Amino acid sequence: MLIEISLIVLASSLLIFHLIGRYNESYWKKRGVKFHGKNKVLGVFGAFFSGKSAVFELFGDLYKKYKNEPVVGIGNLFTPSVFVTNPKNIQHVLQLDFNSFNHRGFESEKDTLSDSILFMTGNRWKLMRQNMTPLFTTNKLKNMYYIMDRCAQDFVVYLDNNPKAREGKFYDTLNMFCNAAVCGAIFGIGQESTFDSPFMKMSQGLSTSNWKTSLQFALLSISPKLIKLLGIRFGAEYEKFFVDAITQVTKKREEDKVQRHDFADLAANLRKKGTIRDENTGLEIEPSFTLLSAQASFFFLAGVEPNANALFNTLVVLCQHPEILQKVHQEIDEHFEKNNNNIGYDVITQLTYLDKVLSESLRMFPPVGYVTRKCIEDSVLPVGEVKIEKGTKLYTPIYQLHHDPDLYPEPEVFDPERFSKDRKPNDDIYIPFGMGNRLCIGARYSRLQIMAGLVHVLRNYEIHLEQTGKIGFKPDILNVRLDNVDIKLSRRNIKA
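For the record, in the sequence shown the residue sitting at position 329 is 334 according to the working numbering, with numbers rising by one throughout.
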């Protein structure tokens, strides 16, 4: 009897999957759009969980096969979905028709820590972003940079005092540095204890990818309703800690009445101002400690692992190009010696060659490989005149755009001079932090944090490449991170 029931369940499941696949295929074929027939039900996400490739690499296979198509339909369970291949259509989705595509495509209604500008939609997102933006103005970043620089200096001290941290698994060490930098620059955690603080250890758990978070993000993309049905909550185990910590930090800042130019300042000011109101729509948001904790969690998600990826990938590619590394060392040394070993905001922005190196590294290895959007109003893509209906999910490439030989001659060649003034690529084809109104709000902060880490590591250490196999990419749901390779450090002989 049990065997018969099992066979019936199996047969029913196979039939349902077959019908879903047929529906997905026919949906796009009726609209004159080519459909990628491999894994018609789950598309690249099915291939991701059954293989050893990152999701962006699987999208890369589609980009090569359907490059001359305006879009290609893909399986995504019950949600009509396309992979956008044409650069003009990508620009339309991410920038030009913002009103139709301002939804990131992730929905998580019940999660305390997901109620951030990363997942918010519509007028609520717009109002919250407007009130978060002041933290990232040029003047604020200039005032905040001393914290980033101090954290990078403390990182060097940590490396000096912990030889094992210089001898391998350096990505994990860089991840810790980025965590510490966010703790310091965003939340005002004291630098003398940052690297072993309970706050940082908890935040690392939230911000570091693993099989569980990969599954959650995949389900968020494939079927938010399934997430809701299963009662899965993003970061549930960290909610109480974050809410308690942000409450404590904000209250302390309110009591001390000091300005440190960080997130705690912003949180205290929002609490003091009270209800946030949009005069045009009448929408109101209460800046509760719970809501502020969600914004705090966003900074860890956006500012730790993506930045650690960028740091690690840049150091790897510098090891592979010793002549470029030598020029970087020379530029850094000259500015340290000229400025009495003080590298403030005004100095870091003068490191033009390192800036070009970082830009080229972010072209070759953007922090994330693609971005997602959900259509909230019917729209027509300009190339191919493809009608995109409300509710459709769209995946737009970053990595493939940056490696397209039609856009970047010899894209696999690491050439910082691509970013010299006379050769700098257009913003519509260089999008390491996204494009349009939903461009990463902390993009400039991230670049400064990465620059600070690079400057102090490269000032004090020689970097050495250690290959553990053929260099490829770590299988990841979103990130672009080199794999089968490591970095080791040795102290440089530098002028005191």
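Note that the Cβ used here is the ideal one computed from N, Cα and C, for glycine as well.
This one's a predicted model, so the numbers in the text were calculated from it and none came from an experiment.
Starting from residue i, follow the alpha helix (DSSP H) in both directions and report where the run begins and ends.
i, result
"Asn489", "Note, Asn489: premise wrong, no alpha helix (DSSP H); beta strand (DSSP E) at Leu487 to Arg496."
"Pro327", "Pro327 to Lys343"
"Leu444", "Looking at the DSSP string, Leu444 is not in any alpha helix (DSSP H), and its letter there is neither H nor E."
"Ser302", "Phe294 to Gly308"
"Thr401", "Taken as a continuous stretch (DSSP letters only), Thr401 belongs to no alpha helix (DSSP H), being part of the beta strand (DSSP E) at Lys398 to Pro402."
"Phe247", "Glu244 to Asp261"
"Glu62", "Val60 to Lys70"
"Leu356", "Counting along the chain, Leu356 falls outside any alpha helix (DSSP H), and DSSP gives it neither H nor E."
"Ala273", "Phe268 to Lys278"
Please list the terminal residues of the continuous beta strand (DSSP E) segment that includes residue i.
i, result
"Tyr466", "Tyr466 to Phe478"
"Ser502", "Lying before the first or after the last residue shown, residue 502 is absent from the chain, which here runs from 6 to 501."
"Lys392", "Val391 to Ile393"
Could you have a look at residue i and say whether DSSP puts it in helix, strand or coil?
i, result
"Asp420", "coil"
"Asp168", "The question names Asp, but residue 168 is Pro in the sequence shown. Pro168 falls in the helix class under three-state DSSP."
"Ile499", "coil"
"Tyr375", "strand"
"Glu9", "helix"
"Ile227", "helix"
"Ile482", "coil"
"Ile348", "coil"
"Glu365", "helix"
"Ile281", "strand"
"Ile290", "strand"
"Asp177", "helix"
"Gln264", "coil"
"Asn148", "helix"
"Ile156", "This sequence places Cys at residue 156; Ile is not what is there. Note: Cys156 maps to helix in three-state DSSP."
"Lys233", "helix"
"Ile455", "helix"
"Arg449", "helix"
"Leu320", "helix"
"Ser219", "helix"
"Cys188", "helix"
Assuming residue i and residue j form a contact by the criterion Cβ under 8 Å, report the distance between their Cβ atoms to the nearest whole angstrom.
i, j, result
"Gly51", "Asn44", "4 Å"
"Glu342", "Lys500", "6 Å"
"Leu459", "Leu316", "7 Å"
"Leu487", "Tyr466", "The pair is not a contact, with the Cβ atoms about 19 Å apart (cut-off 8 Å)."
"Gln454", "Cys188", "That pair is no contact at about 12 Å."
"Pro402", "Tyr375", "5 Å"
Is residue i near the ligand SAM - that is, is its Cβ less than 7 Å away from at least one heavy atom of it?
i, result
"Leu24", "Absent from the structure shown: the ligand SAM. Ligands present: none."
Which runs of the beta strand (DSSP E) fall wholly inside the region 17-55 and span at least 3 residues, in chain order?
none
Pairs of beta-carbons, one from the region 386-396 and one from the region 73-90, closer than 8 Å: are there three or more?
yes
Please specify which runs of the alpha helix (DSSP H), each continuous and at least 4 residues long, are wholly inside the region 73-127, giving them in chain order.
92-96
Tell me, please, whether the region 26-41 touches the region 73-81 by the rule of three or more beta-carbon pairs shorter than 8 Å.
yes
Pair every Cβ in the region 118-126 with every Cβ in the region 297-312, then say whether three or more of these pairs are closer than 8 Å.
yes
Give a yes or no on contact between the region 136-143 and the region 325-332, applying the rule of three or more CB pairs nearer than 8 Å.
no
Counting beta carbon pairs with one atom in the region 374-392 and one in the region 410-419, are three or more of them shorter than 8 Å?
no
I'd like to know if the region 351-370 and the region 304-323 are in contact, where contact means that at least 3 CB-CB pairs between them fall below 8 Å.
yes
Three Cβ pairs or more, each shorter than 8 Å: is that satisfied between the region 443-453 and the region 474-487?
no
Can at least three beta-carbon pairs, one atom from the region 238-247 and one from the region 160-175, be found at a separation below 8 Å?
no
Under 8 Å: do the region 429-445 and the region 91-100 share three or more Cβ pairs, one atom per stretch?
yes
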